[in-house]
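Undergrad: Got a structure for you, questions after.
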Amino acid sequence: QQQQLWQASRPAPPHPQHYFRHQSSWHPAPPTQQEGASAEQQQELGRAIQATQDLASLRDLMHANIGHPVLSALHIALALTQVRRLMGADSRYALRKSAIAPSTRDPAAAPALPNGGLAPSRRGWAQKQQAASPPAPVPASVRTPRGKRQREEVARLQLAKTIDLVLDASFPLIPSFGTAEVTASLHALARLQVHTTSAWSTAFLDHARSLMPGFTLPQLSTLAWSLGSLNLDPGAAWLDDLCHTAAALLDAREAMQANDTSRIDGARSSEQVSRSTPHGVYNGGSSSSSSS
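Going by the numbering used here, the sequence shown opens with residue 534, and the numbers climb by one from there.
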């Protein structure tokens, strides 16, 4: 019912039929929601998301399938993971690495040198090369730090637009998220250092709490790291559930390891007993005593 209300409040799509793209060809998706989406269509959409090469194509792909039954929680997790892959392992470094040090080609930052900006040479080779073929002009985007700042601002804007679109598409699908989708989505947001709205975070974390008994230890560890990286406070009750689930999983793993150890020790002891027991006690000794 919440999804129907959300879809009713959205404007009609610009095209009556939704499309999703795989590589260079366009494939029509089912035109009506009553028909649903097949497993092949969902798999193809997942492959199309993973095949995108830039944020613009990913936005076009997600925008074309918002509100369509082919879009699922798995596709949201794949889209967020793909954004992280396109932005690099650490988006903060990818966006700011060009601003760490001034460019050596910047005339304002480079030290003044004689001979038209060339370092002095013992053999005069640099002066001859400059006279024979003057250096090509350096593009303004590389020559000035202003171009770097513009590229960083454009990258941040593209990232924000893509994340907003993906989260907008994910909000009605939050109740269908599983433990794997919750972990992958939150981890991607943490690596991208993207802070969501309070409404989205509340709905997402409330649903994650309802799935708490189904998380594994690696997933719980990833959730805890992601919450700390994003400075999210889910509340004491949420954290208590996480700790209790982790403690129960640790106890179960220790009990399983102890059971395996006892079974291995029992097998080894029985093997040692069988090796140390003489065969004549059971066969030769008993038969000889009875015959005598």
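By construction, the Cβ of each residue, glycine as well, lies at the ideal position given by its N, Cα and C atoms. Since the model is a prediction, treat every value here as computed from it, not as a measurement.
(1) Could you tell me how far apart the beta carbons of Ala572 and Phe710 are, in whole angstroms, since I believe they sit closer than 8 Å?
(2) By Cβ distance, which residues of its chain are closer than 7 Å to Ser803, with the 5 residues on each side in sequence left out?
(3) Excluding the five sequence neighbours on either side, which residues of its own chain have a C-beta within less than 8 Å of the C-beta of Ala736, listed in chain order?
(4) Could you check the C-alpha separation between Ser734 and Val699 for me, to the nearest Å?
(5) Could you check what DSSP says for Ala571 in three-state terms: helix, strand or coil?
(6) Hey, out of His777, Thr729, Leu619, Ile582, whose CA is closest to Arg742's CA?
(7) Going by DSSP, what residue range makes up the alpha helix (DSSP H) through Gly761?
(8) DSSP three-state label for Pro561, please.
(9) Between Val727, Thr729, Thr716, which has its C-alpha nearest Leu744's C-alpha?
(10) Please list the terminal residues of the continuous alpha helix (DSSP H) segment that includes His728.
(11) Determine the extent of the alpha helix (DSSP H) in which Val603 is found, giving its start and end residues.
(12) Give the C-beta separation of Asp587 and Leu619 to the nearest angstrom, bearing in mind that I take them to be a contact with Cβ-Cβ under 8 Å.
(13) What would DSSP say about Thr767, mapped onto helix, strand or coil?
(14) Applying the criterion that 16 or more other CB atoms from any shown protein chain within 10 Å of the CB defines a buried residue, is Leu692 buried or exposed?
(15) Got a sec? Which residues, its chain only, sit under 7 Å from Arg786 by beta carbon, not counting five neighbours each side?
(16) Just checking my contact of Val616 with Leu578 at CB under 8 Å: how many whole Å lie between their CB atoms?
(17) Where does Ala610 fall in DSSP's three states?
(18) Secondary structure at Gly680, three-state DSSP: helix, strand or coil?
(19) Output yes or no for whether 8 Å exceeds the beta carbon distance between Ser718 and Leu613.
(20) Among the candidates Glu685, Asp701, Ala688, whose CA atom is the shortest distance from the CA of Ala597?
(21) In this structure, how does DSSP classify Leu744 when only helix, strand and coil are distinguished?
(22) Would you check if the distance between the CB atom of Ile609 and the CB atom of Glu685 is smaller than 8 Å?
(23) Buried or exposed, going by whether 16 or more other CB atoms sit within 10 Å of the CB of Ser759?
(24) Using CA coordinates, which residue listed in Gln726, Met595, Asp697, Thr712 is at the minimum distance from Gly621?
(25) With 16 other CB atoms within 10 Å as the buried threshold, where does Trp658 fall?
(26) How many Å lie between Leu765 and Phe748 at the Cα?
(27) Below 7 Å, is the gap between the Cβ of Asp593 and the nearest heavy atom of the ligand ADP?
TA: Judging by the given coordinates:
(1) About 19 Å; that fails the 8 Å criterion.
(2) none
(3) Phe704, Ile707
(4) 14 Å
(5) Strictly speaking, residue 571 in this sequence is Ser, with Ala absent from that position. Note: Ser571 maps to coil in three-state DSSP.
(6) His777
(7) 750 to 763
(8) With a pLDDT of only 35 at Pro561, under the threshold of 50, the placement of this residue in the model should not be trusted; the figure read from the coordinates follows. Strand at Pro561.
(9) Thr716
(10) Where His728 is concerned, there is no enclosing alpha helix (DSSP H), given that its DSSP letter is neither H nor E.
(11) No alpha helix (DSSP H) holds Val603; DSSP gives it neither H nor E.
(12) 7 Å
(13) The displayed chain sequence assigns Pro, not Thr, to residue 767. It is coil, neither helix nor strand.
(14) buried
(15) none
(16) Contact doesn't hold; Cβ gap of about 16 Å is too wide.
(17) helix
(18) helix
(19) yes
(20) Asp701
(21) coil
(22) no
(23) buried
(24) Gln726
(25) With a pLDDT of only 41 at Trp658, under 50, the local geometry of the prediction cannot be trusted, and the value read off the model is given with reservation. Per the 10 Å Cβ criterion, exposed.
(26) 19 Å
(27) By its list of ligands, the structure shown contains no ligand whatsoever, and the ligand ADP lies outside what it can speak to.
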